[in-house]
Structure formats: C-alpha cells, structure tokens
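Trainee: This is the structure, below, for whatever I ask next.
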Amino acid sequence: MRELDAREITAAVARLCEQANFELPEDSVAALRAAGQRERSARGRQVLQLLDTNQILAREGRIPSCQDTGFVLVFAELGQEVHVVGGGLEEAIQAGVGQGYAEHFLRASIVADPLFDRVNTRDNTPAVVHVEVVPGDRLKLSLLVKGAGSENSTQLGMLTPAHGPAGVLQFVVQAVAKAGPNACPPLVVCVGIGGTADKALLLAKKASLRRLGEPHPDPRVATFEAQILEAVNATGIGPQGYGGVVTALAAHVETYPTHIASLPVAVNLQCHAVRHKDVLL
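Here's what the structure looks like:
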C-alpha cells in the first residue's frame, strides 16, 4: 500500500487550475492553426488568427485564455493500492481548486444554491469530482475547465435502436445547429452513446480529455466521428458564428454497452479553448 499525502494532491490541483486556464494544450493550438489553412471565409480566417493570438498572449502573460474561467471538473483515477493520508481525497481536491483560483485571481463563477439566492461561493468551489478506482498505486488527476456557453448547449436524447447511426448523426448536427455561436465555435463535438442517460452524459464529458482529433480505436466509431465532423462543418456556422467551413475542429465519440431497448445519446460541446491538464501522482 502506497501512502499519498492529501497536501500533495491539493498542491497538484492548484497547479492544474493555473495551467488549464493559462495554457491552451499544444494539440488545440495546432488544430486552430491548421483550421486557419482550411477556412475559406476571410472573416473566419481572421477569427481563427485572433484566437491564436489570444492563446499566445494568455500563455505569455499568465492570464486566462477566456474570461469565463468555468466550472472545474476533476476526473480522478485512484489506484486501489493508494492510501490518501492527512485528509480525504475529495477534500484535498476541493482545497486545491479554491487555492488555485484564489492565488491566480481567476474568476469565481460558482453559486452555492442553483435555484433561489444564487450566492457566489467566491473561490469557484465546489468542483465536480468523478472518482474511478483502477489497478495500481498511482493517482491520475485530469482537470477540465468548462465554460457556461458550451456547457449550456448540452443535449441529451433518449433515442430508440430504430434511429440507428443516421438518427444519432441527425441528433448531433441539430444540437450543434441549435447552439449556433453560443458555444464559441470552432468546437470539439463530444458525443456519448450508450449506457444510461447519466452514463451517456459522463461519456460525452470525458470525450473532451482525448487528444484533439485522435480517432477512436474502433474503426467503425472512428469512421462515424469523421461523418459527424463533415456534417457539422457543412452547417456553415463557422468560427464564432461568422460563417465558414470550420464549425468544428474534431468530433470525439465514446460508447458504452446499453439496454436492448435503448439508444441514449449525449452531446457536450467543447469550445475552441479545450482547457484541460492532467498529472500523475
């Protein structure tokens, strides 16, 4: 059994909050620049250039790449041979989020009561934490910062098997069209298919963590991802909704076994600022 001090977890999460908000991942930067070469619209190309300039200024100036510093989600893969000492895992993660947002003057966007008084918690906690127990003696933390514009565009469809791939494709494209410019395209279209309603939504959320444009290991799913990307880009929404052929940078699909009578589909759009970082402790 390997012991891991809760203070180490807190410090790691605080660093991830800083890095995710200030440093757009290199795969996202490369995708933005490649999109600038593909975009046919002059206005769309200008937008993509501005987005690239923005991420450079954020990285160099240590300022947020987006004013919406988001809702923090942490996906923890906890090795079954790890024993967290000096505090609980959840407590350590929440402390790290609060510390990271306070130290780097990141906007606090979380309200304690979602329905009535909606008072700001002032340190961007609590984060949403998902814990998965895995083999081994390490802890992997993947932190995702999710802005409200893209999160508010989430769609869940409880389709039936009769809808098939064509119905799923139609549902995804309609979700993107409904979001329009509100999700800050160019997007990563993240889709969860299968399981139950809650599982499909979780799959879609985790799809943001995949390296941008990396195809699904199942060739059939990878082909379907390519079909989604082509159909989404054919909508003509374009960068930031100004029109063009680059509405999405990539489509990521994750699947899970489901009931014989079900076909749950969740669409969780990710804006061009795919703000995630991970660490292995």
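Numbering of the sequence shown is given in our numbering, commencing with residue 14 and proceeding in unit increments.
Yeah, the Cβ is synthetic: ideal placement off N, Cα and C, and Gly gets one too.
Computed from a predicted structure; not experimentally measured.
#1: Taking 9 Å as the CB-CB cut-off, is Ala-263 touching chain C?
#2: Just the C-alpha distance for His-117 and Leu-172, rounded to the nearest angstrom, thanks.
#3: For Ile-206, I'd like the list of residues in its chain whose CB is within less than 6 Å of its CB, leaving aside the five on either flank, ordered along the chain.
#4: Pop quiz: Pro-228 and Ala-235 are said to be a contact at Cβ under 8 Å. What is the actual Cβ separation, rounded to whole angstroms?
#5: Would you mind reading off the limits of the alpha helix (DSSP H) that contains Pro-178?
#6: Output the boundary residues of the alpha helix (DSSP H) element that contains Gly-205.
#7: Counting C-beta neighbours from all protein chains within 10 Å, is the total for Thr-82 16 or more, i.e. buried, or is it exposed?
#8: At what residues does the alpha helix (DSSP H) containing Thr-66 begin and finish?
#9: Quick check on the DSSP output: the beta strand (DSSP E) that includes Pro-277 runs from which residue to which?
#10: Give the range of the beta strand (DSSP E) segment to which Tyr-269 is assigned.
#11: Is it buried or exposed for Glu-94, if we count other Cβ within 10 angstroms and need 16 for buried?
#12: Could you tell me which residues DSSP pairs with Ala-89 in its beta bridges?
#13: Hey, how far is the Cα of Val-259 from the Cα of Leu-242?
#14: According to DSSP, is Asn-34 part of a helix, a strand, or is it coil?
#15: Between Asn-137 and Val-124, how many whole angstroms is the CB-CB distance? I'm expecting something under 8 Å.
#16: Any chance the segment 67-87 sits against the segment 246-255, with 3 or more Cβ pairs inside 8 Å?
#17: State the Cα-Cα distance for the pair Ala-8 and Pro-77, rounded to the nearest angstrom.
#18: Could you spell out where the beta strand (DSSP E) holding Gly-288 opens and where it closes?
#19: For Val-234, does the three-state DSSP call read helix, strand or coil?
#20: Specify the secondary structure class of Gln-168 as computed by DSSP and reduced to three states.
#21: Ends of the beta strand (DSSP E) at Arg-15?
#22: Which residues share a DSSP beta bridge with His-96?
#23: Within 10 angstroms of its Cβ, does Gln-80 collect 16 or more other Cβ (buried), or is it exposed?
#24: Starting from the C-beta of His-143, find all residues in its chain whose C-beta is less than 6 Å away, skip the five residues before and the five after it, and write them out in chain order.
#25: In chain order, what residues of the same chain lie with their CB nearer than 6 Å to the CB of Leu-167, ignoring the 5 residues before and after it?
#26: Assuming Ile-22 contacts Leu-294 (C-beta within less than 8 Å), just tell me the rounded distance between them.
#27: At which residues does the alpha helix (DSSP H) containing Gln-50 begin and terminate?
#28: Buried or exposed: where does Arg-223 fall if 16 or more other Cβ atoms within 10 Å of its Cβ makes it buried?
#29: What is the rounded straight-line gap between the Cα of His-96 and the Cα of Thr-248?
Mentor: Judging by the given coordinates:
#1: You won't find chain C in this structure, because it holds only one protein chain.
#2: 43 Å
#3: Thr-268 and Val-278
#4: 4 Å
#5: 177-192
#6: Element bounds for Gly-205: not the alpha helix (DSSP H) but the beta strand (DSSP E), 200-208.
#7: buried
#8: 55-74
#9: 276-283
#10: 261-271
#11: exposed
#12: Val-144 and Leu-154
#13: 9 Å
#14: helix
#15: Rounded, the Cβ-Cβ distance is 11 Å, inconsistent with contact.
#16: no
#17: Because the chain is modelled from 14 through 294, residue 8 falls outside the range shown and cannot be assessed.
#18: First, the residue type needs correcting, since residue 288 is Arg and not Gly in the sequence shown. Segment 288-293, the beta strand (DSSP E) holding Arg-288.
#19: helix
#20: strand
#21: 15-18
#22: Glu-16
#23: exposed
#24: Phe-88
#25: Sequence inspection shows Thr at residue 167; the Leu mentioned does not correspond to that position. Around Thr-167: Asn-281.
#26: 7 Å
#27: 39-51
#28: buried
#29: 50 Å
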